[in-house]
Each structure stands twice: as structure tokens, then as C-alpha cells.
Amino acid sequence: MSVLRAIQDLGRRTIDGVWRIGFAARFFLTILLRSGTAFRRFDLTIRELYFSGVLSLIIILVSGLFVGMVLGLQGYETLQTYGSEEALGILVALSLVRELGPVVAALLFASRAGSAITAEIGLMKATEQLSAMEMMAVDPIARVVAPRFWAGVISMPLLAALFSAMGIFGSYLIGVRLIGVDEGSFWSQMQSAVDFNQDIMNGVIKSVVFGLAITAIALFEGYDAPPTAEGVSGATTRTVVTSSLAVLALDFVLTAFMFRGIS
Amino acid sequence: MNKTVLDLWVGLLVIAGVAALLFLTLKVGSMNAVKTADSYVVVAHFDNIGGLKARAPVKSAGVVVGRVIDIGFDNTTYEAAVTLRLDKRYAFPKDTTAAIMTSGLLGEQYVGLDAGGDSVKLKDRDRILITQSAVVLENLIGQFLYGKAQEGAPQ
Numbered sequence: 441m442s443v444l445r446a447i448q449d450l451g452r453r454t455i456d457g458v459w460r461i462g463f464a465a466r467f468f469l470t471i472l473l474r475s476g477t478a479f480r481r482f483d484l485t486i487r488e489l490y491f492s493g494v495l496s497l498i499i500i501l502v503s504g505l506f507v508g509m510v511l512g513l514q515g516y517e518t519l520q521t522y523g524s525e526e527a528l529g530i531l532v533a534l535s536l537v538r539e540l541g542p543v544v545a546a547l548l549f550a551s552r553a554g555s556a557i558t559a560e561i562g563l564m565k566a567t568e569q570l571s572a573m574e575m576m577a578v579d580p581i582a583r584v585v586a587p588r589f590w591a592g593v594i595s596m597p598l599l600a601a602l603f604s605a606m607g608i609f610g611s612y613l614i615g616v617r618l619i620g621v622d623e624g625s626f627w628s629q630m631q632s633a634v635d636f637n638q639d640i641m642n643g644v645i646k647s648v649v650f651g652l653a654i655t656a657i658a659l660f661e662g663y664d665a666p667p668t669a670e671g672v673s674g675a676t677t678r679t680v681v682t683s684s685l686a687v688l689a690l691d692f693v694l695t696a697f698m699f700r701g702i703s
Numbered sequence: 272m273n274k275t276v277l278d279l280w281v282g283l284l285v286i287a288g289v290a291a292l293l294f295l296t297l298k299v300g301s302m303n304a305v306k307t308a309d310s311y312v313v314v315a316h317f318d319n320i321g322g323l324k325a326r327a328p329v330k331s332a333g334v335v336v337g338r339v340i341d342i343g344f345d346n347t348t349y350e351a352a353v354t355l356r357l358d359k360r361y362a363f364p365k366d367t368t369a370a371i372m373t374s375g376l377l378g379e380q381y382v383g384l385d386a387g388g389d390s391v392k393l394k395d396r397d398r399i400l401i402t403q404s405a406v407v408l409e410n411l412i413g414q415f416l417y418g419k420a421q422e423g424a425p426q
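Heads up: the sequence lines are chains A and B, in that order.
Throughout the first sequence, residue numbering follows my numbering, covering 441 to 703 in sequence.
Throughout the second sequence, residue numbering follows my numbering, covering 272 to 426 in sequence.
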């Protein structure tokens, strides 16, 4: 009997999973189709930009500074054994602009803003605010979901760029100001190695994709959350876990596409 | 929080983000990639290109004047065909020599151009005839050892 139950359970889980994927795809498409309001009434999007973008600034800036400082210390430690401390600028700038900036900023954004979005939407659903909107012929996807989506997509590249800039500043503080790497070669080697199209634009593209993935996952989890206290808390956890994994997996895929042919 | 303060903060975020991007573009990165419109392409054949890679710089007198855009293999002469894209602002005589050099001991390899004395300039799709291959460390060590052995040999 228990074997039968196990098989039943497996089937139910599979069907549930497929159902959720289908629902997520339909939900994502609906957001895109109904995002006209998010741009026509841009004040709605501005409000969400404040909550997910501006309020994430502190954590992004401070982490960027510390990550850059650590990179400066560790990079110097390794590079000096080869007598090429001046390459510190290249090391820090390339690793920040290509990978760490977009990825770490996205992970921080997922846990800072993604979880908040899920909790908010989930609670709106649990307290039947979304149903109330529908009763008043206000489309909750256009009014609540789409502005949050576009705010996330807009703020993510800005935050990633700030993270990279702060990181480079942090490594400059440690490498040049504290340890005494030559300032001129620090900047000039960095400039000759970092390419606008290859490195900076690819970093921006990555962060836009991450912003898209994180906010879509966060909104879907909130919209799909069971309308109970445990349901909302579970959905919030799932948002952070799923979007972090999605960011790392997408990063691998994007990197494989972008940097395959580069020396 | 009222609406104008909100707008102010979001405006600050956008300005800071764009400023960071500008900082990355201008101070950290470089846009010295030669554009297709104001450049010309020349080909140079080398016996051995060593570790030269596409996108490596082309320098003359130490100044970057272009980039390597393609490296191919010529199956009739068994040589490496290196395509260089040079900035239109810099015209080189037809008898310019191209050599593969290394910046520093372990640095990147680049193509060095040494201007000749011809009055006719290189044009688009021209070929640089005089080239000098990359120095292969093994050959160099071999030559050195051979020379040492010659020195010690009884006359």
C-alpha cells in the first residue's frame, strides 16, 4: 500500500511541478503584456524603484567597498610573489566588472528586495487585497505586479555598476593608498585591459538579466503563495533560494556565451 | 513619505548609477577599439606567430595604432595569415615591416610595425611583405646551448 502511495506522491509532485512552470510562464507573459500601466503611470514604478532600488543602496555600496578591499589585499598577496603588483588594477577591475559586480549585487538584491517583494505580494494575497482590487475592476497585475517588475529590472544594472565602482574604489584605497602600488600603473594597466564592449557592456547585460530573473521569481512566488502565514514565509524562503540559484546558473550560461572566444 | 522626496531619492539612485557606469567606462575601461568606418585592413604572413591572439594590439613606436582582428592559416604557403585593422589616421609606407613582439618578460604578445622609407602608402587589403616571426623560447635556448658548445669545442 505504501508503495502505491509513494508512486501517487511522485506523480502528484511531477504534475504540480509542471503546473507551476506553466503558471510561471503564463504569469511572466501576462506581466509583459500588461506593463503599459507601469510606464503610463510612472509614479507607481518610481515608488517601487525607491523601495527596491534606493533602499538597497546601503547594503550594495558597503558590500562593494569591502569586497573590493578584500580583492585588493588578496590580489596583492598573490601578485607580489610574481613581482607584478601593478597588475592588481587588472585583476580587481576584470573580476568586478565581469563577474562579482553583477553576481554579488544580484545575490544581495535577491535577499534584500526579492524577499520583500514576495512577502508584500503574498500578504496582499493573503489579506485578499488583490481580490478586492479585482472586484473594483482594477487589474492587480498591471497595478501591483508590473511596476515592481520594471523597478527591479531598471534598478539592478544601476546597483551592479555602483557595486563595481565601489569595489574598484575599495581596492584603490587598499592597494594604492595603504600598500603603495604605483598609482599610475594601477589605473593605466586597468584601462588597457578592460574593454568597453567586451567587459563593461557584458556586465550590464548580465545584471539586466539577473534583475529580470530575480523580480520575476519573487513576484511569481508571492502571487502563488498559499494565503496563510506559513505559506507566505515559505514563499519568501523559496524566493531567496530559487533566485540565488537562478542567478548563479544564468551567470554560468551567460559567461559561457560571452567569454568563450576570449584569450 | 511624500511623492517629491521619493522622486528625489530615485533621481539620486539613477544619477549615482549612471555616474558609476560613466566611471567604469571612462576611468576603468577604454573605448579605444578601432571602429570599422575609419580603419583599413592589411594582412601579414608569419612563419610562426607564437602566442599571438585575436584582439591583440598593433603598435608602432609603442603607440597602439590598431588591433589584430583575425588569425588564419594559409594552406598553400603553410604560414599564419594575420589580419590587422589599422586606424585610418595612421598611414604606413608599403615597405613597413611587421614583427611579433612580447611586452615584458611574460607579457602579452603584440604586432610591432616598423615604418619603411617607401613613398607609396599601404592601402586597404594590402599585404605587409617583410615580417619577423615570434621568438620561440625553445629555439632561443637551443641556439644559446649550441653557441656555448661551439665556444668550448677545441679548435
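Where is the CB? At the ideal position from N, CA and C, for every residue including glycine.
Environment of Phe415 of chain B [buried if 16+ CB atoms lie within 10 Å]: exposed
Alpha carbon to alpha carbon, how far is Ala464 of chain A from Ala559 of chain A? Give it in angstroms, no decimals. 17 angstroms
Phe294 of chain B versus chain A: which residues are under 7 angstroms apart at the beta carbon? Ala605
Assigned secondary structure, Val634 of chain A (DSSP; H/G/I helix, E/B strand, else coil): coil
Name the one or two DSSP bridge partners that Ser310 of chain B has. B:Asp358
Under 8 angstroms by Cβ, that's how I've got Glu661 of chain A and Arg588 of chain A pegged, so tell me the actual separation to the nearest angstrom. Between Arg588 of chain A and Glu661 of chain A the Cβ distance is about 12 angstroms, and since that is not below 8 angstroms, they are no contact.
Show which residues of chain A have a CB atom less than 7 angstroms away from the CB atom of Val285 of chain B. Leu598
Applying the criterion that 16 or more other CB atoms from any shown protein chain within 10 Å of the CB defines a buried residue, is Arg466 of chain A buried or exposed? exposed
Chain D within 8 angstroms of Phe636 of chain A, Cβ atoms only: Within the model displayed, chain D is absent; protein chains A and B are what it includes.
Taking beta-carbon pairs under 8 angstroms, can you tell me which members of the segment 346-363 of chain B lie near chain A? none
Local Cβ density within 10 Å of Ile447 of chain A, reported as buried at 16 or more and exposed below that: exposed
Short CB-CB distance (under 8 angstroms) between Val510 of chain B and chain A: Because chain B here runs from 272 to 426, residue 510 of chain B falls outside it and cannot be looked at.
Identity of the residue in A:Glu517, A:Ala689, A:Pro542, A:Leu570 nearest Lys646 of chain A by Cα: A:Pro542
May I ask which residues mark the beginning and end of the beta strand (DSSP E) holding Gln372 of chain B? It is Met, not Gln, that sits at residue 372 of chain B in the sequence shown. Looking at the DSSP string, the run of the beta strand (DSSP E) that includes Met372 of chain B is 368-373.
Would you say the segment 674-684 of chain A touches the segment 612-625 of chain A, given that touching needs at least three Cβ pairs under 8 angstroms? no
Roughly how many angstroms lie between the CA atoms of Lys565 of chain A and Ala665 of chain A, to the nearest whole one? 8 angstroms
CB-CB under 7 angstroms to Met630 of chain A, same chain, minus the five flanking residues each way: which ones, in chain order? Gly529, Ile530, Ala533
Below 7 angstroms between beta carbons is the criterion; list the residues of the segment 531-542 of chain A that meet it against any residue of chain B, in chain order. Ala533, Val537
Element boundaries [alpha helix (DSSP H), containing Tyr663 of chain A]: 642-664
C-beta neighbour in chain B for Asp622 of chain A, strict 8 angstroms: no
To the nearest angstrom, report how far apart Glu670 of chain A and Asp622 of chain A are at their CA atoms. 56 angstroms
According to DSSP, which residues form a beta bridge with Ala478 of chain A? Looking at the DSSP assignment, Ala478 of chain A forms no beta bridge with any residue, so it has no partner.
With a threshold of 8 angstroms between beta-carbons, can Ala405 of chain B be considered close to chain A, or not? no
Cross-chain neighbours of Gln745 of chain A in chain B, by beta carbon under 8 angstroms: Outside the shown range of chain A (441 to 703) lies residue 745 of chain A, about which nothing can therefore be said.
Between A:Trp627, A:Ala686, A:Thr567, A:Val494, which has its C-alpha nearest Ala656 of chain A's C-alpha? A:Ala686
Nearest neighbour of Gly512 of chain A, chosen from A:Thr682, A:Gly643, A:Met606 [CA to CA]: A:Met606
Within chain A, the residues that Asp278 of chain B reaches when beta carbons sit closer than 7 angstroms: Ile486
Proximal residues of chain B, C-beta to C-beta of Gly493 of chain A below 8 angstroms: Val281, Leu284
Going by the beta-carbon positions, is the gap between Met698 of chain A and Phe650 of chain A smaller than 8 angstroms? no
Assigned secondary structure, Lys419 of chain B (DSSP; H/G/I helix, E/B strand, else coil): helix
From Val276 of chain B to Gly493 of chain A, what does the alpha carbon distance come to, in whole angstroms? 15 angstroms
Presumed contact (8 angstroms Cβ cut-off) between Leu659 of chain A and Ile561 of chain A, rounded CB distance: 6 angstroms
For chain A, is any of its Cβ atoms less than 8 angstroms away from the one on Gly383 of chain B? no
Just to confirm my understanding: we take Arg474 of chain A, look at its own chain, exclude 5 residues before and 5 after, and list those with CB closer than 7 angstroms. What are they? Asp579, Ile581, Ala582, Ala586
Just to confirm my understanding: we take Leu484 of chain A, look at its own chain, exclude 5 residues before and 5 after, and list those with CB closer than 6 angstroms. What are they? Pro587
Quick one: give me the first and last residue of the beta strand (DSSP E) that Leu384 of chain B is part of. 380-385
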